[in-house]
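A short write-up of the structure that comes next.
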Amino acid sequence: MSEEKKALRGIKEIREGHRGQKVKQVNVVRQVHRDQRAIQVNAVRKVHREQRVKQVNAARQDHRDQRVKQVNAARQVHRDQRAIQVNVAR
Numbered sequence: 001m002s003e004e005k006k007a008l009r010g011i012k013e014i015r016e017g018h019r020g021q022k023v024k025q026v027n028v029v030r031q032v033h034r035d036q037r038a039i040q041v042n043a044v045r046k047v048h049r050e051q052r053v054k055q056v057n058a059a060r061q062d063h064r065d066q067r068v069k070q071v072n073a074a075r076q077v078h079r080d081q082r083a084i085q086v087n088v089a090r
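Numbering (UniProt numbering), first residue to last: 1 to 90.
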């Protein structure tokens, strides 16, 4: 093998070595971006989940309040009717 071919092969190996570094670098950058995106997505999901939970809890509380109001009104009506009946009986 001629000296020239050996020299060319050496240059080629060096270039491939650099290419390997470049690939590693690109992979690291991709991973960093992926991690950042995952962090961002998770943060958004968390915020949305918290908003949804707040909304659902508020709706439940409203519904509960309405039911309590209705039950209390029904009890009061019943109490009044009983009082009227008792007074009439006396």
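Glycine is no exception: its CB is placed at the ideal position from the N, C-alpha and C atoms. Keep in mind that this is a model prediction, so the values were computed, not measured.
Identify whether R90 lies in helix, strand or coil by the three-state DSSP scheme.
coil
Which residues in the same chain have their Cβ closer than 8 Å to the Cβ of V28, if we skip the five residues on either side of it in sequence?
There are no such residues.
For V23 and A58, the rounded distance between their alpha carbons:
Distance between A58 and V23, taken at the CA atoms: about 52 Å.
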